[in-house]
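J.: The C-terminal position of the sequence shown is numbered 508 in my numbering, with every residue numbered one higher than the one before it.
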Amino acid sequence: MAQQPLLSLPEFGNVSTGSLVVKEPLNFWGGKRVQAKDTKNSEPVYEPATGRVLCDLIFCGENEVDQAIKSAHAAFLKWSKLAGMERARILLEAARIIRERREDIARLEVINNGKSITEALADIDVSWQTVEYYAGIAPTISGQHIQLPGGSFAYTRREPLGVCVGIGAWNYPFQLAIWKSAPALACGNAMVFKPSPFTPVTAVVLAEIYKEAGVPDGLFNVVQGGAETGTVLCQHPMVAKVSFTGSVPTGKKVMEMSAKGVKHVTLELGGKSPLIIFKDCDLENAVKGALMANFLTQGQVCCNGTRVFVQKDILKPFMEEVLKRTKAILVGDPLLEGTRMGALITKAQMEKVLGFIKQAKEQGAKVLCGGEPIAPSDPKLSGGYFMSPCILDNCRDDMTCVKEEIFGPVMSVLPFDTEEEVLQRANNTTFGLASGVFTKDITRAHRVAENIQAGTCFINNYNVSPVEVPFGGYKMSGIGRENGMVTIEYYTQLKTVVVEMGDVQSLF
Ligand code: NAD
Numbered sequence: 001m002a003q004q005p006l007l008s009l010p011e012f013g014n015v016s017t018g019s020l021v022v023k024e025p026l027n028f029w030g031g032k033r034v035q036a037k038d039t040k041n042s043e044p045v046y047e048p049a050t051g052r053v054l055c056d057l058i059f060c061g062e063n064e065v066d067q068a069i070k071s072a073h074a075a076f077l078k079w080s081k082l083a084g085m086e087r088a089r090i091l092l093e094a095a096r097i098i099r100e101r102r103e104d105i106a107r108l109e110v111i112n113n114g115k116s117i118t119e120a121l122a123d124i125d126v127s128w129q130t131v132e133y134y135a136g137i138a139p140t141i142s143g144q145h146i147q148l149p150g151g152s153f154a155y156t157r158r159e160p161l162g163v164c165v166g167i168g169a170w171n172y173p174f175q176l177a178i179w180k181s182a183p184a185l186a187c188g189n190a191m192v193f194k195p196s197p198f199t200p201v202t203a204v205v206l207a208e209i210y211k212e213a214g215v216p217d218g219l220f221n222v223v224q225g226g227a228e229t230g231t232v233l234c235q236h237p238m239v240a241k242v243s244f245t246g247s248v249p250t251g252k253k254v255m256e257m258s259a260k261g262v263k264h265v266t267l268e269l270g271g272k273s274p275l276i277i278f279k280d281c282d283l284e285n286a287v288k289g290a291l292m293a294n295f296l297t298q299g300q301v302c303c304n305g306t307r308v309f310v311q312k313d314i315l316k317p318f319m320e321e322v323l324k325r326t327k328a329i330l331v332g333d334p335l336l337e338g339t340r341m342g343a344l345i346t347k348a349q350m351e352k353v354l355g356f357i358k359q360a361k362e363q364g365a366k367v368l369c370g371g372e373p374i375a376p377s378d379p380k381l382s383g384g385y386f387m388s389p390c391i392l393d394n395c396r397d398d399m400t401c402v403k404e405e406i407f408g409p410v411m412s413v414l415p416f417d418t419e420e421e422v423l424q425r426a427n428n429t430t431f432g433l434a435s436g437v438f439t440k441d442i443t444r445a446h447r448v449a450e451n452i453q454a455g456t457c458f459i460n461n462y463n464v465s466p467v468e469v470p471f472g473g474y475k476m477s478g479i480g481r482e483n484g485m486v487t488i489e490y491y492t493q494l495k496t497v498v499v500e501m502g503d504v505q506s507l508f
């Protein structure tokens, strides 16, 4: 099949930092791109690495959301009747196309999001693997047979929900659209997806790929907008489920709106995860783990282990090594292969992160390195939102930087003495997304995993999230799971069919 140009940009694939202007409509429903009409309701989208405007994003209003949902519903009626094998075949083709175009999609993601090309390529690889994984599961979705007395029996059917809404955050734009749509479509649902207004660009690429792979028009749709558009989506009576990724305050609103319509809801929210490093760890691996837990995507990762608890006996060598490696992180043009950290998502986000660091200093923390805005030498990047990765020492559990999600490249180091003490301190948070432990003592590792209050515990590594593994939060970090087999339960409903083989035993 001939390769379609992404977003119809003839130069696409050769775009470099500072060269992309998006003129095409970024909404997609009924199998084609659609231009939203209300030009008064729009906001500029910036390229994080340069500060240039990529496009003016027009937000979808009530009518437009309604059209997208209706086209999804019409497609659902056809798609849900296909055999799992037929859905799988189409999804496998979508996975193949994503894999074939991984570099083009990754470049687009970098330009819109600011993360390094190395990370963006990894995100796109996770994306096609996710589509492949759920394509493989589609034909296996089935119910149960239950034998009853007298030859009667019951069986269950695992049926799709209908039109599902996906609402994404800006840190993994393409991957989040896939984490939601791949299981949803595999189960026989349709989806209307709303990306973050900061990163609207790659979702429409996904919509075009699904179409090219053979999904019916209307099955996967993209509407652009912010809180208002999101509200219209959550309140629409034809929507059966909302799968949301974002902050805790917005998650609460989404849950409240969904409750009014008794809609299914999955919430993937924020975190302030603990990483516990015991003195018997492999120090080099623990340091590498701490860096992976804090500086991926410029620290803008929900499950980051930003509270790094280090046993006092190894605090000095840990600090020396972590500092040496942090100072060596190359921050700069995200499209260059050697770059390890790109730009933060917006100017406002960078200012918020710098504000957290200032407050941490006022509360007694010591900045060991970084925490400053950076102006890369390349003049085209002078308007970009770059900052140096920061290590905070002298932290206490009651400091704002230790209690609140910063969502930037800031690691807070907290010394501890005993396992019992560190578990109590690690669990003393309203969040519960992830956690990590570095130790060579296997019984200790599993004891910590058992007693930590979080949806994931990484032992001797951090931030490893392959699609086979369920992902989601405890406490205020969320409800439901994404990835893994279990997600099938979150995109289906169970019907029980009871079959009488004898006569009705009536009491009347
Ligand atoms: P956000 O809550 O500001 O926005 C998330 C999405 O919700 C956006 O698409 C936004 O437009 C939309 N939205 C805003 N108000 C809405 C409303 N009233 N109704 C419906 N939709 C609405 O979050 P963000 O700043 O985009 O992302 C950062 C947050 O996301 C962090 O807290 C981070 O931890 C979290 N996150 C969680 C995961 C996870 O899987 N647990 C993954 C990535 C990000």
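Using N, Cα and C, we set each Cβ at its ideal position, and we do this for glycine too.
For Tyr-210, which residues from the same chain have a beta carbon less than 6 Å from its beta carbon, with the 5 sequence-adjacent residues on both sides left out?
T.: Same-chain partners within the cutoff: Ala-94, Phe-220.
J.: Nearest by alpha-carbon distance to Ile-137: which of Glu-500, Thr-487, Ala-36 is it?
T.: Ranking Glu-500, Thr-487, Ala-36 by Cα distance to Ile-137 puts Thr-487 first.
J.: Opposite Cys-164 in the DSSP bridges: which residues?
T.: Paired residue(s): Met-191, Lys-241.
J.: How would you label Asn-63, buried or exposed, when you count the other beta carbons within 10 angstroms and need 16 or more for buried?
T.: The residue in question, Asn-63, is exposed, as its Cβ has fewer than 16 Cβ neighbours within 10 Å.
J.: Which same chain residues end up closer than 7 Å to Gly-338 when comparing Cβ atoms and leaving out the 5 residues on each side of it in sequence?
T.: Answer for Gly-338: Leu-330, listed in chain order.
J.: Of the residues Val-310, Gln-311, Lys-312, Phe-295, which one's Cα is nearest the Cα of Asn-304?
T.: Nearest of Val-310, Gln-311, Lys-312, Phe-295 to Asn-304, Cα basis: Phe-295.
J.: Just curious, the alpha helix (DSSP H) that His-73 is in, first and last residue?
T.: Looking at the DSSP string, the run of the alpha helix (DSSP H) that includes His-73 is 62 to 79.
J.: Are the CB atoms of Val-189 and Val-222 nearer to each other than 9 Å?
T.: Residue identity check: residue 189 is Asn in the sequence provided, not Val. No, these two residues do not count as a Cβ contact at 9 Å.
J.: Run the proximity test for Tyr-490: is its beta-carbon closer than 8 Å to any non-hydrogen atom belonging to ligand 1?
T.: Every heavy atom of ligand 1 is 8 Å or more from the Cβ of Tyr-490, so no.
J.: Go through its chain and collect everything with a Cβ distance to Leu-6's Cβ below 8 Å, but skip five positions before and after it.
T.: Its pLDDT being 47, under 50, Leu-6 is placed unreliably by the model, and nothing is read from it.
J.: What is the DSSP secondary structure of Tyr-155, reduced to helix, strand or coil?
T.: Correct three-state label for Tyr-155: strand.
J.: Does any heavy atom of ligand 1 sit closer than 8 Å to the C-beta of Cys-60?
T.: No - ligand 1 has no heavy atom lying nearer than 8 Å to the Cβ of Cys-60.
J.: Thinking C-beta only, is Ile-459 closer than 9 Å to Leu-423?
T.: Not closer than 9 Å, so no.
J.: Within the same chain, show all residues whose beta-carbon is closer than 8 Å to that of Ile-117, passing over the 5 residues directly before and after it, in chain order.
T.: Result list for Ile-117: Ala-106, Arg-107, Val-110, Pro-334, Leu-335, Leu-336, Glu-337, Thr-339, in chain order.
J.: Over what stretch of residues does the beta strand (DSSP E) that includes Phe-438 continue unbroken?
T.: Phe-438 -> beta strand (DSSP E) spans 436 to 438.
J.: Quick one, which of Lys-312, Lys-272, Lys-366, Thr-231 has its alpha-carbon nearest Met-476's?
T.: Selected option, being the one with the closest Cα: Lys-272.
J.: Just grab the DSSP bridge partners of Thr-266 for me.
T.: Looking at the DSSP assignment, Thr-266 forms a beta bridge with Ser-243.
J.: Spatial neighbours of Gly-383 within its chain, please: C-beta separation below 8 Å, excluding the five flanking residues on both sides.
T.: The residues are Thr-50, Gly-51, Arg-52.
J.: Return the bridge partner residues of Cys-55 from the DSSP annotation.
T.: Looking at the DSSP assignment, Cys-55 forms a beta bridge with Val-45.
J.: Taking 9 Å as the threshold (C-beta atoms), are Val-248 and Gly-230 in contact?
T.: Their beta carbons are not under 9 Å apart, which means Gly-230 does not touch Val-248 by this criterion.
J.: For the beta strand (DSSP E) that Lys-37 lies in, which residues bound it at each end?
T.: Unbroken run through Lys-37: none, as it is neither H nor E.
J.: If we ignore side chains and look at the alpha-carbon of each, how far apart do Gln-3 and Leu-26 end up?
T.: With a pLDDT of 43 at Gln-3, under the threshold of 50, the predicted position of this residue should be treated as unreliable, though the coordinate-derived value follows. Their backbone Cα atoms lie some 20 Å apart in a straight line.
J.: Could you tell me which residues DSSP puts in a beta bridge with Ile-374?
T.: Phe-386.
J.: Go to Lys-495, then tell me how far its beta strand (DSSP E) extends in each direction, as first and last residue.
T.: Segment 492 to 499, the beta strand (DSSP E) holding Lys-495.
J.: Considering just the uninterrupted stretch of the beta strand (DSSP E) at Leu-414, what are its terminal residues?
T.: 410 to 416 is the extent of the beta strand (DSSP E) around Leu-414.
J.: Please classify His-446 as buried or exposed, where buried requires at least 16 other C-beta atoms within 10 Å of its C-beta.
T.: Exposed is the call here.
J.: Need the endpoints of the beta strand (DSSP E) that Leu-275 sits in, please.
T.: That run of the beta strand (DSSP E) goes 274 to 277.
J.: So, using beta-carbon positions, are Glu-159 and Ser-80 closer together than 9 Å?
T.: Yes.
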